[in-house]
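Q: For the sequence shown, this note's numbering gives the first residue as 132, with consecutive numbering after it.
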Amino acid sequence: MEFLETISVEDYQKLHLEVGWKYLDNKVIEKSLANSTFIVSVREMGETIGMGRIVGDGIAHGLLTDVIVSPKWQHKGIGKAIVENLKNRLQDFVNSNGDEYLLELLPTANNVEFYTRCGFKHLPENMEGCYKWFKNQNIYNKETQKHIMRLQKAPFENIKNKTKTIEMRLNDEKRSHIKKGDIIIFLLQENYEQAIKTRVKEIHKFKDFEELYMQFDKTQIGYKESEEANPLDMEQYYNKAQIDKYGVVGIEIEVLD
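1) Going by other Cβ atoms of all chains shown within 10 Å of its Cβ, with 16 needed for buried, is F134 buried or exposed?
2) Which term fits L301, buried or exposed, when burial requires 16 or more other beta carbons within 10 angstroms of its beta carbon?
3) I want to check one thing, is the minimum distance from the CB of L236 to the heavy atoms of the ligand NAP below 6 Å?
4) How about V386 and T350: do their beta carbons lie closer than 7 Å?
5) In the region 142-216, which residue ranges form an unbroken alpha helix (DSSP H) of at least 4 residues, counting only runs that do not cross its ends?
6) Where does A240 sit, in a helix, a strand or coil, going by DSSP?
7) Have a look at Y369, I314, E298, C261 and flag the residue whose alpha-carbon is nearest the alpha-carbon of I352.
8) Just to confirm, is the Cβ distance from V186 to I213 under 7 Å?
9) Would DSSP call L254 helix, strand or coil?
10) Check the DSSP bridge columns for A326 and list the partner residues they point to.
11) State the Cα-Cα distance for the pair N157 and S139, rounded to the nearest angstrom.
12) Expressed to the nearest angstrom, what Euclidean distance is found between the alpha-carbon atoms of E359 and I315?
13) Locate the beta strand (DSSP E) running through E385, then write down its first and last residues.
14) Taking 6 Å as the limit between beta carbons, can you name the residues of its chain near T294, skipping five residues before and five after?
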């Protein structure tokens with residue numbers, strides 16, 4: 132059995148008709164195949180017996196479609212092999228080129244169980260179809276979470292130029308879920324097109340900002356050498372009652388280039 136990364140218009144048409152799917156104009160098929168992100172076809176004894184493909188924007192979002200196995204070859208594991216081939220190729224692509232990629236599909240009748248066995252999620256209370264996230268394995272592992280934080284221009288620039296390595300926050304319900312190894316995306320408050328991707332190196336917890344300020348050099352927490360570092364400066368963001376209730380956290384980060 133041979134797996135190829137292409138399929139002819141004739142074989143595509145043949146498979147569609149064999150399983151009772153709609154006839155498509157050959158010129159439409161040709162253009163459609165040319166715009167695919169990934170294609171796989173399966174050949175046995177010179178005959179194309181199955182196929183599948185991914186279409187989408189080519190970097191972050193795609194649709195798994197046209198997963199077809201010729202009727203006389205069904206129930207032999209070929210469909211699952213087609214899906215695994217496409218998943219593996221997409222994972223390799225994301226590892227080399229991307230961050231996260233959402234692959235969705237709209238299963239035909241009675242095929243939801245097949246796709247969940249192939250690793251896709253089906254949450255009918257949220258959406259009709261199935262889906263699977265692919266994450267860059269050079270950045271993420273199974274436990275890694277992504278967090279979004281917004282910053283004003285000065286601290287944003289200090290993180291960008293790598294002088295500020297400690298982000299100070301209230302250790303409330305939201306921040307208490309951040310852990311070592313997680314990804315934090317910092318967005319510039321005035322312009323969300325500007326973002327910095329960072330990884331959490333360590334989490335440092337303190338009773339209050341006075342303790343935190345004693346632990347780190349002032350440049351690490353965003354001050355210039357010529358500036359005075361005063362923990363009372365943080366009261367413009369958090370009041371004393373909040374600090375007493377939750378404590379504070381210094382999130383040590385590294386910029387991911």
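Cβ atoms here follow ideal geometry from the backbone N, Cα and C, with glycine treated the same way. Note that the coordinates shown come from a computational prediction; the quantities given were computed from them, not determined experimentally.
A: On the basis of the coordinates in this document:
1) Along the sequence shown, one-based indexing puts residue 134 at 3. By the 10 Å Cβ count, F134 comes out exposed.
2) One-based indexing of the sequence shown puts residue 301 at position 170. Classification for L301: buried.
3) Ligands in the displayed structure: none, and consequently the ligand NAP is not present.
4) Position 255 of the sequence shown, counted from the first residue, corresponds to residue 386. Position 219 of the sequence shown, counted from the first residue, corresponds to residue 350. Not a contact, by the Cβ cut-off of 7 Å.
5) The qualifying runs are 157-165.
6) On the sequence shown, position 109 is the one that residue 240 refers to. Note: A240 maps to coil in three-state DSSP.
7) On the sequence shown, residue 352 is found 221 positions in, with the first residue counted as 1. The residue among Y369, I314, E298, C261 with its C-alpha nearest the C-alpha of I352 is E298.
8) Taking the sequence shown and counting its residues from 1, one reaches residue 186 at position 55. Taking the sequence shown and counting its residues from 1, one reaches residue 213 at position 82. Not closer than 7 Å, so no.
9) Against the sequence shown, residue 254 aligns to sequence position 123. In this structure, L254 counts as coil in the three-state DSSP scheme.
10) Within the sequence shown, residue 326 is the residue found at index 195, counting from 1. A326 is bridged to L318.
11) Along the sequence shown, one-based indexing puts residue 157 at 26. Along the sequence shown, one-based indexing puts residue 139 at 8. Cα to Cα, N157 sits roughly 10 Å from S139.
12) As a first step, residue 359 must be located in the sequence shown, where it is residue number 228. As a first step, residue 315 must be located in the sequence shown, where it is residue number 184. The straight-line gap from Cα to Cα measures roughly 28 Å.
13) Taking the first residue of the sequence shown as position 1, residue 385 is located at position 254. Start and end: 379-386.
14) Against the sequence shown, residue 294 aligns to sequence position 163. Contacts found: T350.
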